[in-house]
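The block underneath contains the structure these notes are about, expressed in structure tokens.
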Amino acid sequence: MTIKHSEEYREPELARQLVAAIRKTSNKPVQLMEVCGTHTMSIFRHGIRDVLPQTINLLSGPGCPVCVTSQQEIDTFIAYARQEDTIVATFGDLLRVPGTDSSLQKEKAEGRDIRVVYSAFDAVKMAAEQRGQRVVFLGVGFETTAPTIAASILAARDMGLENFHVVSAHKTVPNALEALMASEAVAISGFLLPGHVSVILGLNAYRPFFDRYQVPAVVAGFEPTDILEAIRRLVEQIEKGRPQLANAYPRAVSDTGNAKARAVLDQVFEPVDANWRGIGIIPASGLAIRDSLAQFDALRQVPVEVAEAREPAGCGCGEILTGAKIPPECKLYRKACTPENPVGPCMVSSEGTCAAYYRYHG
Amino acid sequence: MTDEKILLDHGSGGKIAHRLTAELLLPLFDNPILADLHDGAVLELDGGRIAFSTDTFTVTPLFFPGGDIGDLAVNGTVNDVAMCGAKPLFISLALIIEEGFPRADLERILKSVRRAADKAGVIVVTGDTKVVPKGAADGLFINTSGIGLIPPGLNIGSTAAQPGDHVILSGTMADHGMTILTQREGLAFDHAIESDSAALNHMVAGITAASNNVHVLRDPTRGGVGTTLNEIAQSSQAGIVIEEDRLPVRPAVAGVCELLGFDPLYVANEGKLLAFVPADESDAVLAAMRRDPHGQEACRIGRVTGDHPGQVILETRVGGRRIVDMLTGEQLPRIC
């Protein structure tokens, strides 16, 4: 039949061998956390939990960018949408995330100018074409997304645009791993490290974290056999008692990462403390626009007043994002909170753990 | 009264759209014909049976690789009529045009309506033209309604899937939806993809000639194959199992879906159908579909079971199983 994209990596025979190897090696009960939302989705979509032995418990971590965006940040986005003469440009999956009393989708139905874009460069183009309007781009995402947003700010500078601004709510992964290890809520025996983020950062970026905690950590790709191979290596390390930092995605990830992307990141952003939903403040885990580019910083150029945000009552997103709870343990799950009527972001984003459970697990 | 507003999700064909139909429309217009919620209504008139369907077409851009709003408006309604097993005969054509719309574009679209009608073998027998002030419509909206005759002895509905049935899909998924999306957003990709917009009534004639035991025919338009299968599973109170490695998707389309985080199971098709047929007749139906120019890539994708009534289960390539839920609202591109 028709050949699918990436077919070669979905080889059922290879998958069977990997599953057999995992089953043979695994004795101790382990809790492995996948830190990346795309991994969470892939694990559910391909039914990977189904084929693993009962000794292996997969936990989903804080890897969905929309989900870890704090309620205060969501309310801030909505406040920008309510500004006069303002076009808010955003990635699609932020639209439905409920803020304290509204969502971008509801604001759009009220007539606010909110446009879904696929790249920050679309927003730059919009600003160039509509000089009389202010274009505010909502910058959400990890190290994967942040470099293109950084590049868009440099492009806006080179084009002399005065009406392009970014709300930077970006988060960075390595320090979040430390916060997860430091947390007492959940004992993690090993990490599946994110593939796309590692393409930018390189394996070495996790070295300080690994040296400190000596916890098995393997970078994984996104095809089912990539994930199974990474799980196999984690299980082997745990059973042998020899934790390692390893790369099971060498076709995309190097030791040093993408130097050019990191240079752009560094030119535009500086690390700041960031508030993660469910985790709280993690030192140096956010990205703020540097003073030299302050003219593009929406928070400084067009400050908005936002009342103190309230997280939805009873919402378990915080505990779900740290692996302390699974969605069926949240009392709102499937009752008050469904994809049609999401209470928390984990039910909204296609990469959210609750949405994955709801859609694929029943 | 509530202050709730209609959102784009209410038109997505997914769960949120279903809820609107169930809450607002069905209570007001409740009758046994409407309650079927099939693609078209089946009407008994003077001993004969006709299928009747209507659809409104709004698409941006109006012209796209593989078609335009004109052929889409004909094919969509022809297909809805054909899914009742009927031979489509007559259609209506109503235009809502925004002030300032280029006459040359209108002419091009109308010619495309004519060509599509000729291909499908239907004639436009009535119509209407309205022009609304600039801003009151987006260029051009088209409504078409269609009427067709159902041959005696044929009983095809959406509630008739039975355990043991084979599920056949007439070709690749997601071509139309991803074409429109990439065009609308100006996304450039190495490989061109195009809409599958096509009339399927000739294929349906071939299918019903090959078997008079076809249980269900549906065209998986908005909401995609995943949503349509859920509707059939629920209305038939049967379980459906589909196999991941049998689901046909063009590599270029699969690539775009993967990039944007879209699941091809939920992306619209405009020239595909799903057929539910008894196992012992599925070879004949499959062969009939493959003889049609729009069905050359037809394949069995799954089966109906007595287990898990109302639910669609996917057997994955790595040997796992998972639920295929109905689409909720519109799929939104993700942040990587």
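These protein sequence lines are chains R and W, in that order. Just so we're aligned, residue 12 is where the first sequence starts under our numbering, counting upward by one. Just so we're aligned, residue 1420 is where the second sequence starts under our numbering, counting upward by one. For glycine and all other residues, C-beta sits at the position ideal for the given N, C-alpha and C. Computed from a prediction, not measured in an experiment: that's the story for all the values here.
If you draw a straight line from the C-alpha of residue i to the C-alpha of residue j, how long is it?
i, j, result
"residue 314 of chain R", "residue 178 of chain R", "10 Å"
"residue 1454 of chain W", "residue 1460 of chain W", "9 Å"
"residue 13 of chain R", "residue 1668 of chain W", "Caution applies to residue 13 of chain R, whose pLDDT of 42 falls short of 50 and renders its modelled position unreliable; the value that the coordinates give is listed next. The alpha-carbon atoms of residue 13 of chain R and residue 1668 of chain W are separated by roughly 6 Å."
"residue 171 of chain R", "residue 277 of chain R", "21 Å"
"residue 1744 of chain W", "residue 174 of chain R", "42 Å"
"residue 271 of chain R", "residue 297 of chain R", "20 Å"
"residue 366 of chain R", "residue 1569 of chain W", "42 Å"
"residue 65 of chain R", "residue 37 of chain R", "9 Å"
"residue 1702 of chain W", "residue 1686 of chain W", "27 Å"
"residue 16 of chain R", "residue 1719 of chain W", "Confidence is the limiting factor: at residue 16 of chain R the pLDDT is only 46, short of 50, which leaves the residue's position unreliable, though a coordinate-based value still follows. The straight-line gap from Cα to Cα measures roughly 20 Å."
"residue 293 of chain R", "residue 51 of chain R", "22 Å"
"residue 1630 of chain W", "residue 237 of chain R", "44 Å"
"residue 1633 of chain W", "residue 1616 of chain W", "23 Å"
"residue 224 of chain R", "residue 1423 of chain W", "50 Å"
"residue 1645 of chain W", "residue 1680 of chain W", "16 Å"
"residue 353 of chain R", "residue 325 of chain R", "13 Å"
"residue 248 of chain R", "residue 1738 of chain W", "25 Å"
"residue 1650 of chain W", "residue 1635 of chain W", "11 Å"
"residue 143 of chain R", "residue 1507 of chain W", "52 Å"
"residue 262 of chain R", "residue 1736 of chain W", "22 Å"
"residue 1477 of chain W", "residue 190 of chain R", "49 Å"
"residue 30 of chain R", "residue 1639 of chain W", "35 Å"
"residue 67 of chain R", "residue 1614 of chain W", "44 Å"
Using a beta-carbon distance below 9 Å, is residue i in contact with chain W?
i, result
"residue 361 of chain R", "yes"
"residue 16 of chain R", "Residue confidence is low: residue 16 of chain R scores 46 on pLDDT, short of 50, so the model does not pin down where it sits. No coordinate-derived value is stated."
"residue 246 of chain R", "no"
"residue 55 of chain R", "yes"
"residue 337 of chain R", "no"
"residue 164 of chain R", "no"
"residue 243 of chain R", "no"
"residue 120 of chain R", "yes"
"residue 372 of chain R", "yes"
"residue 344 of chain R", "no"
"residue 52 of chain R", "yes"
"residue 91 of chain R", "no"
"residue 282 of chain R", "no"
"residue 351 of chain R", "yes"
"residue 58 of chain R", "yes"
"residue 260 of chain R", "no"
I need the boundaries of the beta strand (DSSP E) containing residue i, first residue and last residue.
i, result
"residue 1731 of chain W", "1731-1734"
"residue 125 of chain R", "125-127"
"residue 179 of chain R", "175-179"
"residue 1458 of chain W", "Segment: none, residue 1458 of chain W is in no beta strand (DSSP E) and carries neither H nor E."
"residue 192 of chain R", "Run containing residue 192 of chain R: none in the beta strand (DSSP E); it sits in the alpha helix (DSSP H), 185-193."
"residue 1662 of chain W", "1658-1662"
Taking CB distances under 9 Å as the criterion, tell me whether residue i reaches chain R.
i, result
"residue 1755 of chain W", "In this prediction, residue 1755 of chain W scores a pLDDT of 47, lower than 50, which makes its location untrustworthy; the coordinate-derived value is nonetheless stated afterwards. True, the Cβ-Cβ gap to chain R drops below 9 Å."
"residue 1442 of chain W", "no"
"residue 1479 of chain W", "no"
"residue 1427 of chain W", "yes"
"residue 1518 of chain W", "no"
"residue 1733 of chain W", "yes"
"residue 1679 of chain W", "yes"
"residue 1586 of chain W", "no"
"residue 1663 of chain W", "yes"
Do residue j and residue i have their beta-carbon atoms positioned less than 9 Å apart in this structure?
i, j, result
"residue 1494 of chain W", "residue 1690 of chain W", "yes"
"residue 199 of chain R", "residue 70 of chain R", "yes"
"residue 1518 of chain W", "residue 1552 of chain W", "yes"
"residue 82 of chain R", "residue 110 of chain R", "yes"
"residue 334 of chain R", "residue 355 of chain R", "no"
"residue 230 of chain R", "residue 33 of chain R", "no"
"residue 1462 of chain W", "residue 1452 of chain W", "yes"
"residue 376 of chain R", "residue 280 of chain R", "Summary: the structure shown does not reach residue 376 of chain R, with chain R confined to residues 12 through 373, and so no result is reported for it."
At which residues does the alpha helix (DSSP H) containing residue i begin and terminate?
i, result
"residue 1531 of chain W", "1522-1539"
"residue 55 of chain R", "48-56"
"residue 63 of chain R", "Segment: none, residue 63 of chain R is in no alpha helix (DSSP H) and carries neither H nor E."
"residue 1451 of chain W", "1451-1454"
"residue 1446 of chain W", "1445-1448"
"residue 1710 of chain W", "1701-1710"
"residue 1374 of chain W", "Outside the modelled stretch of chain W, which goes from 1420 to 1755, sits residue 1374 of chain W, for which no answer is possible."
"residue 78 of chain R", "76-79"
"residue 1598 of chain W", "1594-1603"
DSSP puts residue i in a beta bridge; with which residues?
i, result
"residue 44 of chain R", "R/70 and R/202"
"residue 344 of chain R", "R/348"
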